[in-house]
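The numbering of the sequence shown is my numbering, which starts it at 53 and goes up by one. In what follows, a structure is listed as structure tokens, so that the remarks can point back to it.
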Amino acid sequence: MSTSIRSGRYLIGLMILIAIIAAGVIIWSIKKSSEKPGMAIQDISIAAISPSFTGYTIYVAIEKDYFRKQGLKIDLKSFSSGKATLDALIKGKVDLATSSETPFMRAVLNGDRIYAIGTMITGEKHLAIVGRKDKGISSPKDLKGKTIAVTMGSNGEYFLDTVLLLNGVSRDQVKTVHVKPKQMFDALIKGEVDAIATWNPQMTKARRALGDQAATIYAEGLYSPSFLIAARQDYANANPEIIKKVLQSLVNASKFIHENPDQSHAIVAKYLGMDKALLDELSATYHFKITLDQSLLLTLENQAKWAIKNKLTKQTKVPNYLDFIYLDGLTAIQPEGVTIIH
Numbered sequence: 053m054s055t056s057i058r059s060g061r062y063l064i065g066l067m068i069l070i071a072i073i074a075a076g077v078i079i080w081s082i083k084k085s086s087e088k089p090g091m092a093i094q095d096i097s098i099a100a101i102s103p104s105f106t107g108y109t110i111y112v113a114i115e116k117d118y119f120r121k122q123g124l125k126i127d128l129k130s131f132s133s134g135k136a137t138l139d140a141l142i143k144g145k146v147d148l149a150t151s152s153e154t155p156f157m158r159a160v161l162n163g164d165r166i167y168a169i170g171t172m173i174t175g176e177k178h179l180a181i182v183g184r185k186d187k188g189i190s191s192p193k194d195l196k197g198k199t200i201a202v203t204m205g206s207n208g209e210y211f212l213d214t215v216l217l218l219n220g221v222s223r224d225q226v227k228t229v230h231v232k233p234k235q236m237f238d239a240l241i242k243g244e245v246d247a248i249a250t251w252n253p254q255m256t257k258a259r260r261a262l263g264d265q266a267a268t269i270y271a272e273g274l275y276s277p278s279f280l281i282a283a284r285q286d287y288a289n290a291n292p293e294i295i296k297k298v299l300q301s302l303v304n305a306s307k308f309i310h311e312n313p314d315q316s317h318a319i320v321a322k323y324l325g326m327d328k329a330l331l332d333e334l335s336a337t338y339h340f341k342i343t344l345d346q347s348l349l350l351t352l353e354n355q356a357k358w359a360i361k362n363k364l365t366k367q368t369k370v371p372n373y374l375d376f377i378y379l380d381g382l383t384a385i386q387p388e389g390v391t392i393i394h
């Protein structure tokens with residue numbers, strides 16, 4: 053091989069290497085340009101329920117780098133229920149936690165000093181009772197005398213009691229058994245229980261598996277659960293800038309979800325291990341917006357009255373839940389999302 057050919061190949065190889073290095077520098081520069089100069093990266097741990105839609109907005113915020121652009125590095129930890137995520141929060145194992153409003157309500161009744169810093173999602177058909185028709189269930193009144201699986205302490209329990217009350221069936225006329233969310237499907241399909249009171253995706257999975265033998269009972273227009281993100285009061289008060297950065301990341305993610313539903317579904321399907329077609333169907337029943345709405349306060353108060361009436365707590369008076377809602381963070385970045393009267 054001639055010297056000129058070898059030199060030519062060497063130059064080509066050198067040019068390719070330079071191009072690769074340049075591309076890397078450009079990519080790095082683009083990433084860095086989205087961060088504020090001198091921004092220190094802060095590690096934040098978040099407890100999320102899995103599998104559940106509660107982490108939907110968080111998953112998108114992670115994948116789209118919205119947290120990183122605010123200088124936050126997220127350590128996402130999975131738990132089986134909202135009660136478990138809040139227990140981890142209260143014990144100081146995580147900085148933030150997702151849950152529905154029911155475990156939050158009960159934590160406050162237990163005397164825990166926590167804040168709701170924002171509601172991320174509300175769901176119209178997130179919860180349902182799925183009963184077996186071969187067990188004689190076709191309407192809510194047929195639940196009388198039946199064995200129903202429910203995750204105690206969750207909004208599934210509140211939802212079940214709401215449906216029973218509205219249909220003239222008292223709690224002592226059914227047999228309730230505590231079942232963890234991930235075990236709901238098997239308990240119903242194997243016939244260990246007559247019905248389950250639970251949420252998506254387990255609820256829809258069970259409904260589809262039973263097909264024509266499924267009796268599905270919703271509470272449309274009566275109760276729409278909310279998914280919130282919570283912090284310990286001492287943490288929020290000591291770290292107001294971090295709270296604002298977290299909320300800004302979630303606001304950005306919620307906007308992306310509205311503008312890019314297909315991409316968002318693909319992201320969440322990966323996190324939940326769910327078929328994207330199923331996620332496309334389910335997502336239409338959810339509303340993604342970061343808020344602190346007056347309806348959250350009313351729901352917490354109503355659920356507290358329910359818990360006291362049913363002796364699920366030692367408390368005898370409804371707390372002032374306004375003392376457990378952190379308004380400053382969302383007010384600073386999206387004031388139109390705060391409609392709580394205060």
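The beta-carbon is built from N, C-alpha and C at its ideal position, and this holds for glycine as well.
Distance check between arginine 165 and each of Phe156, Gly123 and Met172 places Phe156 closest, using alpha-carbon atoms only. According to DSSP, threonine 150 shares a beta bridge with Ile281. Looking at the backbone, the Cα of tyrosine 287 and that of tyrosine 167 are separated by about 10 Å. Each of Tyr111, Thr250, Asp117 and Val221 was checked against the Cα of alanine 180, and the nearest Cα belongs to Thr250.
From the listed residues Gln265, His310 and Thr137, the smallest Cα separation to threonine 109 is found for His310.
Measuring C-alpha to C-alpha distances from asparagine 207 to each of Ser152, Leu382 and Asp345 identifies Ser152 as the nearest.
Serine 102 and tyrosine 323 have their C-alpha atoms roughly 9 Å apart.
Inclusion of isoleucine 269 and proline 192 in the CB contact set at 7 Å is warranted, their separation being smaller than that value. In this structure, the straight-line span from the alpha carbon of threonine 174 to that of glycine 243 is close to 31 Å. At the C-beta level, aspartate 139 and isoleucine 96 stay beyond 7 Å of one another. In the DSSP assignment, lysine 125 falls within the beta strand (DSSP E) that extends over 124–131. Taking C-beta separations shorter than 6 Å and ignoring five residues to either side along the sequence, the partners of tyrosine 378 in its chain run Tyr167, Ile169 and Ala288, following chain order. The beta carbons of tyrosine 118 and serine 301 sit closer together than 7 Å. Considered as a whole, the segment 157–238 harbours 207–218 as its complete alpha helix (DSSP H) runs of no fewer than 4 residues, in chain order. Excluding five sequence positions before and after aspartate 246, the CB atoms of its chain that fall closer than 7 Å to its own CB belong to Gly183, Arg184, Lys187, Ile189, Lys198, Thr199 and Ile200, given in chain order.
In the structure shown, the three-state DSSP call for serine 301 is helix. In the three-state reduction of the DSSP assignment, tyrosine 338 falls in the strand class. For tryptophan 358, the closest C-alpha among the options Asn291, Leu330 and Leu161 is that of Leu161.
Around the beta carbon of glutamine 225, a 10 Å sphere encloses fewer than 16 other beta carbons of the protein chains shown; the residue is thus reported as exposed.
Rounded to whole angstroms, the separation of the alpha carbons of glutamate 293 and glutamine 386 is 14 Å. The C-beta separation of valine 112 from alanine 305 comes to about 4 Å, placing the pair in contact by the 8 Å criterion.
Under the three-state reduction of DSSP output, glutamine 94 falls in the strand class.
In this structure, leucine 382 and leucine 344 form a Cβ contact; the two beta carbons are roughly 5 Å apart against a cut-off of 8 Å.
Here isoleucine 114 carries a helix assignment [DSSP, helix/strand/coil]. Inclusion of threonine 214 and alanine 271 in the CB contact set at 7 Å is warranted, their separation being smaller than that value. Rounded to whole angstroms, the Cβ separation of alanine 99 and alanine 159 is 13 Å, and the two are not in contact under 8 Å. Looking at the DSSP output, isoleucine 101 shares a beta bridge with Phe131. Within the same chain, and ignoring the five residues on either side of lysine 232 in sequence, the residues whose Cβ sits closer than 8 Å to its Cβ are Ser132, Ser133 and Thr203. Taking the Cα of asparagine 362 as reference, the smallest distance to any Cα among Phe237, Arg223 and Thr228 is reached at Arg223.
DSSP places isoleucine 294 in the helix class (H, G or I) of the three-state scheme. The closest CA to that of threonine 106, considering only Gly389, Gln254 and Met172, is found on Met172. Contact annotation, alanine 384 with lysine 296: C-beta distance approximately 6 Å; criterion of less than 8 Å satisfied.
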